[in-house]
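FYI, our numbering numbers position 140 of the sequence shown as 237, with every residue one higher than the one before it.
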Amino acid sequence: MLHKTRGIVLKTINHRETSVICQIFTEKFGLQSYIIHGVKRSKAKIHINILQPLHLLDMVVYHKSTGGIQRISDARQSPTFLRIPYDDKKRSLVIFLNEVLSKCLKQQSPDEPLFEYIYHAIIWLDQSSETPSNYHLYFLLRLSKFMGFYPSVSQEKLPFFDLKEGVFCSSAPYHNLYLDEKQTQQWLAILLSSFQDLKRVHISLNDRRVLLNHLMEYYALHVDNFGNINSHYILEEVFS
């Protein structure tokens with residue numbers, strides 16, 4: 098049976114000479130793997146160029162409720178990116194966020210609020226004439242809300258943040274997985290911001306690196322089998 102759905106491309110793996118298997122987070126079916134034949138041919142119906150990380154697609158798919166590898170009848174990029182492919186900062190952000198999302202998105206069931214958040218956050222990044230240096234920090238902190246471990250802000254005036262428990266606290270925990278007072282204030286400033294207001298949050302390059310490392314620790318503590326992220330080193334190079 099054919100279904101129309103939007104999708105966010107995560108990962109593409111070569112399959113035989115001209116085909117690929119593509120992992121796509123879809124609006125209707127959650128994370129799915131699709132085999133797409135002939136994408137590397139010059140006259141391909143679905144071209145490999147639209148299957149790049151975090152490209153947004155309108156798709157017509159065959160869906161089997163029994164799972165396994167699915168098939169695509171048709172797909173087109175919508176909207177077509179205006180800036181991401183041509184902007185080093187935006188492209189580096191996409192590579193990094195794609196790696197994180199690939200480790201977080203595992204459910205083969207629909208999650209429309211999560212899909213809408215990622216979809217519109219990517220569109221905002223592409224359409225924005227500027228690239229806020231704290232974009233990735235804000236994106237991931239907001240993403241944690243949909244993943245079930247959003248920091249509790251009910252006691253946000255407390256000076257420390259416990260990464261293990263996901264709460265602000267009045268004194269440093271007995272373990273070393275926490276933010277000190279300065280880092281907690283920066284963490285909170287990002288939490289209480291918005292995409293539009295991120296440029297008003299001023300954090301030094303070194304402090305941003307430290308916050309990102311803590312944010313990766315936070316994800317590793319709360320996402321099963323999260324492992325290591327390597328592409329954030331690209332961000333350090335591009336934003337330095």
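The beta carbon of each residue, even a glycine, is placed where N, CA and C say it ideally should be.
Which listed residue (the options) has its alpha carbon closest to that of residue i
| i | options | result |
| --- | --- | --- |
| P270 | F258, Q280, K279, T281 | F258 |
| K61 | Y330, M313, L332 | This structure cannot speak to residue 61, because the chain is shown only from 98 to 337. |
| V298 | N310, Y275, N325, Y235 | Y235 |
| V136 | D277, E114, R103, F212 | E114 |
| K254 | F243, S267, E262 | S267 |
| S189 | D208, Q204, L151, Y216 | L151 |
| L308 | H319, S290, L285, N322 | L285 |
| F212 | L260, Q204, E124 | E124 |
| F323 | S291, K296, L222, E196 | E196 |
| I220 | D304, R305, V191 | V191 |
| L222 | H319, K142, Q293 | Q293 |
| V320 | T109, I105, N146, M244 | M244 |
| I143 | Q120, F122, E262, S116 | S116 |
| D208 | S328, K242, I331 | K242 |
| I109 | V158, F126, I133 | In the sequence as displayed, the identity of residue 109 is Thr instead of Ile. It is I133 whose Cα lies nearest to the Cα of T109. |
| C119 | V157, I145, M98, N273 | I145 |
| L274 | L260, I287, I331, K187 | L260 |
| D277 | A141, G263, P256 | P256 |
| R305 | S328, Q205, I215, L332 | L332 |
| I326 | L198, K187, I215, V157 | L198 |
| K187 | H112, Q224, Y214 | Q224 |
| I121 | D185, I215, R138 | I215 |
| Q204 | H112, S139, I105, F126 | F126 |
Whole-angstrom C-beta distance between residue j and residue i, which should lie under 8 Å
| i | j | result |
| --- | --- | --- |
| D155 | S170 | The pair is not a contact, with the Cβ atoms about 12 Å apart (cut-off 8 Å). |
| Q282 | H311 | Actually they are not in contact, since the Cβ atoms of Q282 and H311 sit about 13 Å apart, beyond 8 Å. |
| L128 | L202 | 5 Å |
| L153 | R103 | 7 Å |
| H160 | H100 | 5 Å |
| Y131 | R168 | 6 Å |
| L194 | H233 | 6 Å |
Element boundaries [beta strand (DSSP E), containing residue i]
| i | result |
| --- | --- |
| A172 | 167 to 174 |
| P282 | With the sequence shown as reference, residue 282 is identified as Gln, and Pro is not the correct amino acid for it. Careful: Q282 lies outside any beta strand (DSSP E), inside the alpha helix (DSSP H) at 278 to 288. |
| L128 | 127 to 133 |
| I121 | 116 to 123 |
| L107 | 99 to 112 |
| L153 | 153 to 159 |
Run of the alpha helix (DSSP H) containing residue i, from where it starts to where it stops
| i | result |
| --- | --- |
| F58 | There is no way to answer for residue 58, as the model of the chain reaches only from 98 to 337. |
| H311 | 302 to 319 |
| D185 | 185 to 201 |
If you pair each beta-carbon of the segment 217 to 236 with each one of the segment 179 to 192, do three or more pairs fall below 8 Å? yes
Do the segment 307 to 322 and the segment 232 to 249 meet, that is, are 3 or more Cβ pairs less than 8 Å apart? yes
Does the contact criterion of 3 or more C-beta pairs under 8 Å hold for the segment 243 to 255 versus the segment 159 to 167? no
What ranges does the alpha helix (DSSP H) occupy inside the segment 216 to 274, keeping only unbroken runs of at least 4 residues that lie completely in it? 232 to 244
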